[in-house]
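Undergrad: Going line by line, the protein sequences match chains A and B. Everything in the first sequence is counted per this note's numbering, starting at 1 for the first residue and increasing by one. Everything in the second sequence is counted per this note's numbering, starting at 1001 for the first residue and increasing by one. After the structure tokens below, expect a handful of questions from me.
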Amino acid sequence: MSNNLVYLASAYMVFWALTFALVFSIWARQRRLQREIADLAARLGEPDDRQV
Amino acid sequence: MGEKRGVLGLVLASAGAAALMAALGMVFLYAPREATMGDVQRIFYFHVASAWVGFFAFCVTFLAGIGYLVRGERRWDILALSSVEIGLTFITMTVITGALWARPVWGVYWTWEPRLTISAVQLLVYVAYQMLRASVESPERRARFAAVYGIVAFATVPLSWFAIRWWRTIHPDILTGGEGMAFTPRMSHTLVVSLLAFTLLYATLLRQRIRLERSSDALALLRARQPTN
């Protein structure tokens, strides 16, 4: 039965890995979009005050 | 308004993180060791909770699809697509953690029994939803097709839920505890806290995913106003 701890640990690692992957993916895409919005707003001479 | 939303988001994220830590503590310190399966049964709490979030997320997509077809507003489409992305992550989690539980208990990672087969089909159905969205260029057509697809795809949720009641299956039933699984009150408490924690996690992720889509819309709007030369 002690070998089963490997499966238990793996399952919880999968949970954390997928959760962090999703959080990181959303955060990275958001950061990229915010940067693009700021660049484009500056180029168009508009204040970047978009609340999203 | 924006500040209020920020505070709400922070409260939601903090509550989700606290509930997740409490659930984790209960899984390993409060819930008893199951008599037949031993410690590997502790996978069950997060496995069931991730399945719940997956089902709930697809239900939100189903309702948002109806909302879009009735009102034709972009916000319903945003809600639907945001929820699918989170649902897909959690159903993937369910399938993998289920396989890791099955190996020591059933002796195999995977078997083509009704619940597992429907879960695999469900995963593919929602991957196809993402592919459908990527393949349609017109935003209105994309939203309409996706809304209809999201409504039809939801059939996999009740099918998966009732699979273990309608057909002969070796998958345990969480309502009865399943064959060979002694369900104690402490186990029930741990499961309830895990379900609550995962629901809060879903709400936090959904908020952020919706925010991301709104940023994408804001960028598209700015691009449209950019001079072409």
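Where a beta carbon is used, it is the ideal one built from N, C-alpha and C, also for glycine.
DSSP on Gly45 of chain A, reduced to helix/strand/coil?
TA: Coil, per DSSP.
Undergrad: Do Gly1065 of chain B and Ala1080 of chain B have their C-beta atoms closer together than 7 Å?
TA: Against a cut-off of 7 Å, the Cβ pair of Ala1080 of chain B and Gly1065 of chain B comes out as a contact.
Undergrad: Taking 7 Å as the CB-CB limit, is Gly1016 of chain B close to chain A?
TA: Cβ-Cβ to chain A under 7 Å: no for Gly1016 of chain B.
Undergrad: Cα separation between Phe1198 of chain B and Ala1051 of chain B?
TA: Phe1198 of chain B and Ala1051 of chain B: Cα-Cα distance of roughly 10 Å.
Undergrad: So with Cβ pairs under 7 Å, would you call Pro1032 of chain B a contact of chain A?
TA: For Pro1032 of chain B, the answer is no, since every Cβ of chain A falls outside 7 Å of its Cβ.
Undergrad: Specify whether the region 1110 to 1129 of chain B and the region 1161 to 1173 of chain B touch according to this definition: at least 3 beta carbon pairs, one from each stretch, less than 8 Å apart.
TA: Yes, the region 1110 to 1129 of chain B touches the region 1161 to 1173 of chain B.
Undergrad: For chain A, find out if any of its Cβ atoms is closer than 7 Å to the Cβ of Val1108 of chain B; answer yes or no.
TA: With 7 Å as the cut-off, Val1108 of chain B does not count as an interface residue toward chain A.
Undergrad: What does the alpha-carbon distance come out to for the pair Ala1035 of chain B and Thr1184 of chain B?
TA: Near 11 Å, if we compare the C-alpha coordinates of Thr1184 of chain B and Ala1035 of chain B.
Undergrad: On the DSSP bridge list, what partners appear for Glu1034 of chain B?
TA: Partner(s): B:Gly1038.
Undergrad: Would you check if the distance between the CB atom of Ile1043 of chain B and the CB atom of Leu5 of chain A is smaller than 7 Å?
TA: No, these two residues do not count as a Cβ contact at 7 Å.
Undergrad: Between Arg29 of chain A and chain B, is the shortest Cβ-Cβ distance under 7 Å, so that the two count as touching?
TA: Yes, Arg29 of chain A lies at the interface with chain B (some Cβ there is under 7 Å from its Cβ).
Undergrad: What did DSSP end up calling Arg32 of chain A once you bin it into helix, strand or coil?
TA: Correct three-state label for Arg32 of chain A: helix.
Undergrad: Please report whether the beta-carbon of Met1 of chain A lies at a distance below 7 Å from any beta-carbon of chain B.
TA: Any answer about Met1 of chain A is weak, because its pLDDT of 47 lies below 50 and its placement is not dependable; what the coordinates show is given next. Yes, because at least one Cβ of chain B sits closer than 7 Å to the Cβ of Met1 of chain A.
Undergrad: Ignore the nearest five residues each way along the sequence and tell me which others in Gln1041 of chain B's own chain have a CB closer than 6 Å to its CB.
TA: Around Gln1041 of chain B: Glu1034.
Undergrad: Compare the C-beta of Gln990 of chain B against all C-beta atoms of chain A and say whether one is closer than 7 Å.
TA: In this structure chain B extends from 1001 to 1229, so residue 990 of chain B is not present and cannot be described.
Undergrad: Is the region 1057 to 1076 of chain B touching the region 1093 to 1105 of chain B, taking contact as three or more C-beta pairs under 8 Å?
TA: With a cut-off of 8 Å, the region 1093 to 1105 of chain B and the region 1057 to 1076 of chain B do not count as touching, because too few Cβ pairs lie within range.
Undergrad: What's the C-alpha gap between Leu1088 of chain B and Ala1057 of chain B?
TA: Rounded to the nearest angstrom, the two C-alpha atoms are 9 Å apart.
Undergrad: So Ala41 of chain A contacts chain B; which residues on that side make the cut at Cβ distance below 8 Å?
TA: Leu1222, listed in chain order.
Undergrad: Residues in the region 1201 to 1214 of chain B with C-beta within 7 Å of chain A's C-beta atoms, listed in sequence order?
TA: Under the 7 Å Cβ criterion, the region 1201 to 1214 of chain B contributes Leu1205, Gln1208, Arg1209, Arg1211, Leu1212, Arg1214.
Undergrad: Measure how close the beta-carbons of Tyr1045 of chain B and Ser1194 of chain B come, nearest whole angstrom, since I'm counting them as under 8 Å.
TA: Correct: roughly 4 Å between the Cβ atoms.
Undergrad: Between the Cα of Ala11 of chain A and the Cα atoms of B:Tyr1109, B:Arg1225, B:Arg1211, B:Leu1012, which residue gives the shortest distance?
TA: Answer by Cα proximity: B:Tyr1109.
Undergrad: Under 7 Å, Cβ to Cβ, is there at least one residue of chain A near Ala1102 of chain B?
TA: Answer no: the Cβ-Cβ gap between Ala1102 of chain B and chain A never drops below 7 Å.
Undergrad: Answer yes or no: does any C-beta atom of chain B fall closer than 7 Å to that of Trp16 of chain A?
TA: Not an interface residue.
Undergrad: How about Ile37 of chain A and Gln1208 of chain B: do their beta carbons lie closer than 7 Å?
TA: For Ile37 of chain A and Gln1208 of chain B, no; Cβs fall outside 7 Å.
Undergrad: Considering only residues of the same chain and omitting the five flanking positions on each side of Val1157 of chain B, which have a CB-CB separation below 6 Å?
TA: Taken in chain order, the residues that qualify are Phe1055, Phe1058.
Undergrad: Would you call Arg1211 of chain B buried or exposed, if buried means 16 or more other Cβ atoms sit within 10 Å of its Cβ?
TA: Arg1211 of chain B comes out buried.
Undergrad: Which of the three DSSP states is assigned to Gly1072 of chain B in this structure?
TA: Three-state DSSP puts Gly1072 of chain B in coil, outside helix and strand.
Undergrad: List the whole-angstrom C-beta distance separating Leu1200 of chain B from Ala1015 of chain B, where the pair is believed to meet the contact cut-off of C-beta under 8 Å.
TA: Sure, about 5 Å apart at Cβ, within 8 Å.
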